[in-house]
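J.: One structure follows; several queries about it will come next.
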Amino acid sequence: MKKPIFTLALLMASTSLAQADGVLNLFNWGNYTSPEMIAKFEAETGITVTITDYDSNDAALAKIEAGGTGFDLVVPTHMFVPIYIEKGLVQQLDLARLPHHSNIAPEWMDVEWDPGRNYSVPWQWGSTGVAVNTAVYGGDINTSGIFLDVPPELVGKINVVPEMSDILTLATMYYGGEPCTEDTEVLRKVRDGLLAAKPNWLSMDYGATEKLSNNDWAASVNWNGSTMRARINNPDVAYGYPREGYPLWMDSVMILSDAQNVDNAYAFLDFIMQPENAAMISGFARYANGISGSAEFMPEDMQTAPEVVIPEEFKAAGHFTPTCSPKAVEYMTAIWTELQK
Amino acid sequence: MAERNFEVSRLPGFATTAIIVFIILYLPIITLMVYSFNGGASIALWEGFSLRWYEIAWNNDAVKSATMRSLTIAAAASVISTVLASMAALGTTRRDKFKGQTVIYVLINQPLMVPEIVTAVALLIFFAAVKVATGYQGLGYLIAAHSAFCIPFAYLPIRARLEGMDLTLEVAASDLYASSWQTFTNVTLPLLMPGVLAGAMLAFVISLDDVIITEFVKSGGQDTLPTYMLGQLRRAITPEVNAISTALLGLTVVMLTAFFLLTRKKN
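Sequence lines, in order, name chains A and B. So the first sequence is residues 1 to 341, counted in our numbering. So the second sequence is residues 1001 to 1267, counted in our numbering.
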């Protein structure tokens, strides 16, 4: 009786894709990995890379927590990095095996979510701000007032992306609070402000690249990379960095604890920390990376793009949204639910 | 007498309603198809006719492998679920009424009642344990999951066909000393075939279409066409997605037509 079961187990083991030599399983956001960069990596190392897509941090975390996925690398957003570390889902990096680790730009080395970069390697980063069609509205666009105290020219023509964390962080900072605040005084202002502004909005939707390009929307809360693509289609579109404060985000690559191709994962991490390879990642997805010296390898239109290179005067207003406390999340969810009604 | 002549098509507003419904049903799909031929990189700004997105999709290895994977899973799942559904349908109709019949119906049709996300989370946790225990991460899990939720879609048309079939033919076969197996292969199965084909096709399409369960169950390198397309959402969608959808739509239409012609000839 035991024999068929044994044969079956053998058959299953032989078809398992994760254990073969020379492979690497990357779990990343969809449409986010430069195929040219992967082709170059495969040609240089002889390692075959398999990419699997996800579309939200929560879904990726849920799958990895369940286990048995066979993935080697994952690319979470910064506020999820501490969660992966705390739950023991990722391994600490052996920096001796990453000769290009020092290429990480100084400002991206000692980050709050992973001081000294002992767990994660930068992939790409960007910001959330406001995209405005300057032919419709000629005033100051570097403020969250664009969607919270909507200028008359933009009433009924502005969209707000339905991302709780981004919108509440922008609003909290506009009303003088800190991201993830538990101060009910500030939170009351945030709620009242959002509820009062909502009637002036056209919609709460994704798809800003398209809708800004074809003038369906005159403005939108939006991400920098998407705004850059809209601006290329429609030169009237400009990107504003709210001076009251705006959220920054960074996605970083980490090696999973149950990775089966650890050596190959190290080879990949070291590869993407070389400036010319990091530039290929940016050139594809149109966001900045965190590697020193990669700018000169990037497409020319990105080196000077106002959406990618943050102007000096607005740099200080950018904040990485921390991992909020459960209480702060509860407040945010309550406000968000009320806003959705 | 007026009641006897009642016809829906004579009700006031019939034509208008029908036209509006057809427009709502098909306009988005037509828009999607039109923009698959867009020369520019936008799905909303027309920049001239071009086949470049079809070329890009055709040369995109990720799309190719996702398509092949979708078709493989759908083919396997539709065969497995149709066989199981046929057996279930025979078991529930070709016998006297029995105690607990309703419970059996409900159990068979469970995937229709239970929200997909619940099944997805349950399978994620269950299969993860199996994956860790066996080390096997192949397509088997997706095929098993798809077969399971395709069963009711295959079962319903087969059962409907069985219930509509004339029992006297089977009784006559037994009277002429046919064994139950002979009765089944020579009488029941040929008569049942249109139901089986309809069930298999429905199962195939449902499997091809699935996102949520696949997203939760897939292992490394197992993106199907729908999960691949979902992954594009956060970044800019290009007409490549339109081109893939249009090609998929074309494939479905061709398949439906082929099946229609095949089954019609037999009748």
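Idealized CB from N, CA, C, for every residue including glycine. Note that this is a predicted model, so its numbers are computed, not measured.
1. May I have the straight-line CA-CA distance separating P242/A from P122/A, to the nearest angstrom?
2. Identify the contact partners of E210/A in chain B, using a Cβ-Cβ distance below 7 Å as the criterion.
3. Should N118/A go down as buried or exposed, given a rule of 16 or more other Cβ atoms within 10 Å for buried?
4. Would you kindly work out how many angstroms separate the C-alpha atoms of S325/A and P162/A, rounded to a whole number?
5. Is it buried or exposed, E338/A, if we count other Cβ atoms within 10 angstroms and call 16 or more buried?
6. Compare the C-beta of G22/A against all C-beta atoms of chain B and say whether one is closer than 8 Å.
7. Name, please, each residue of chain A whose Cβ falls closer than 7 Å to the Cβ of T1227/B.
8. Please state whether the Cβ-Cβ distance between P322/A and P179/A is less than 8 Å.
9. Could you say which of R229/A, A171/A, V90/A lies nearest to D114/A if we only look at CA atoms?
10. Using only CA atoms, which one of R229/A, S292/A, N264/A, A317/A lies nearest to S102/A?
11. With DSSP collapsed to three states, give me the class of W113/A.
12. For S1219/B, return the contacting residues in chain A, with the cut-off set at a CB-CB distance below 9 Å.
13. Mind listing the chain B neighbours of N261/A? Cutoff is C-beta to C-beta under 8 Å, in chain order.
14. Check whether the Cβ atoms of V357/A and A197/A sit closer than 8 Å, and answer yes or no.
15. What residues from the region 154-186 of chain A come within 9 Å of chain B, judged by C-beta to C-beta, listed N to C?
16. For V1063/B, go through chain A and note every residue whose CB falls closer than 9 Å to its CB, in chain order.
17. Which runs of the alpha helix (DSSP H) fall wholly inside the region 1134-1190 of chain B and span at least 4 residues, in chain order?
18. Can we say the region 1084-1099 of chain B touches the region 1109-1129 of chain B, given the rule of at least three CB pairs closer than 8 Å?
19. Given that a residue counts as buried once 16 or more other Cβ atoms are within 10 Å of its Cβ, and exposed if not, what is S1009/B?
20. Please state if the CB of G70/A and the CB of Q260/A are separated by a distance shorter than 8 Å.
21. Buried or exposed for A1077/B, going by 16 or more other Cβ atoms inside 10 Å?
22. For the region 192-222 of chain A, which residues have a beta carbon sitting closer than 9 Å to at least one beta carbon of chain B?
23. Is any beta-carbon of chain C found at less than 8 Å from that of N224/A?
24. With a Cβ-Cβ cutoff of 8 Å, do L977/B and N1242/B count as a contact?
25. Would you say E1215/B faces chain A, with C-beta separation under 8 Å as the test?
26. Taking only the alpha-carbon atoms, compute the straight-line gap between K157/A and A171/A and give it to the nearest angstrom.
27. Between K327/A and the rest of its own chain, which residues show a CB-CB distance below 7 Å, the 5 nearest in sequence each way excluded?
28. Rounded to whole angstroms, what is the Cα-Cα separation between I1080/B and S1147/B?
T.: On the basis of the data shown:
1. Locating residue 242/A in the first sequence gives position 242, where the first residue counts as 1. Locating residue 122/A in the first sequence gives position 122, where the first residue counts as 1. Take the alpha-carbon of P242/A and the one of P122/A: they are about 25 Å apart.
2. One-based indexing of the first sequence puts residue 210/A at position 210. Within 7 Å Cβ-Cβ: S1042, I1043, A1044.
3. Translated into the one-based positions of the first sequence, residue 118/A becomes position 118. By the neighbour-count rule (16 or more Cβ atoms within 10 Å), N118/A is not buried but exposed.
4. Stepping through the first sequence from its first residue, residue 325/A is reached at position 325. Stepping through the first sequence from its first residue, residue 162/A is reached at position 162. Between S325/A and P162/A, the C-alpha separation is close to 21 Å.
5. Sequence index remark: in the first sequence, residue 338/A carries index 338 (1-based). It is exposed - the Cβ of E338/A has fewer than 16 other Cβ atoms within 10 Å.
6. Your numbering for residue 22/A matches position 22 in the first sequence. It does not: the Cβ of G22/A has no partner Cβ on chain B nearer than 8 Å.
7. Position 227 of the second sequence, counting from 1, holds the residue named residue 1227/B. Those within 7 Å of T1227/B in chain A are D53.
8. In the first sequence, counting from the first residue as 1, residue 322/A sits at position 322. In the first sequence, counting from the first residue as 1, residue 179/A sits at position 179. Contact flag set, yes.
9. Taking the first sequence and counting its residues from 1, one reaches residue 114/A at position 114. Of the listed residues, the one whose Cα sits closest to D114/A is V90/A.
10. Position 102 of the first sequence, counted from the start, is the residue given in the question as residue 102/A. Minimum Cα distance to S102/A is reached at S292/A.
11. On the first sequence, residue 113/A is found 113 positions in, with the first residue counted as 1. DSSP places W113/A in coil when its eight states are reduced to three.
12. Within the second sequence, numbered from 1, the residue matching residue 1219/B stands at position 219. Those within 9 Å of S1219/B in chain A are L17, A18, N25, T52, G68, T69, G70, F71.
13. The residue given as residue 261/A occupies position 261 in the first sequence. Under the 8 Å cutoff, chain B gives no residues; its nearest Cβ is about 10 Å from N261/A.
14. Since the first residue of chain A shown is 1 and the last is 341, residue 357/A is not available in this structure.
15. none
16. In the second sequence, residue 1063/B corresponds to position 63, counting from 1. What V1063/B touches in chain A: nothing, since even the nearest Cβ is about 11 Å away.
17. 1140-1164, 1167-1175, 1180-1183
18. no
19. The count along the second sequence starts at 1 and reaches residue 1009/B at position 9. Result: exposed.
20. Your numbering for residue 260/A matches position 260 in the first sequence. Your numbering for residue 70/A matches position 70 in the first sequence. Against a cut-off of 8 Å, the Cβ pair of G70/A and Q260/A comes out as a contact.
21. Indexing the second sequence from 1 puts residue 1077/B at position 77. The residue is buried, with at least 16 neighbouring Cβ atoms inside 10 Å.
22. Y206, G207, T209, E210, K211, S213, N214, D216
23. In the structure shown, chain C cannot be found, because the protein chains are A and B.
24. Only positions 1001 to 1267 of chain B appear in the structure, and residue 977/B is not among them; the question remains open.
25. Within the second sequence, numbered from 1, the residue matching residue 1215/B stands at position 215. For E1215/B, the answer is yes, since a Cβ of chain A falls inside 8 Å of its Cβ.
26. Start at 1 with the first residue of the first sequence, and residue 157/A comes out as number 157. Start at 1 with the first residue of the first sequence, and residue 171/A comes out as number 171. So the alpha carbons of these two residues sit roughly 19 Å apart.
27. Within the first sequence, the letter at position 327 stands for residue 327/A. So the list reads E182, once near-sequence residues are dropped.
28. By 1-based counting over the second sequence, the position of residue 1080/B is 80. By 1-based counting over the second sequence, the position of residue 1147/B is 147. Approximately 6 Å between the Cα atoms of the pair.
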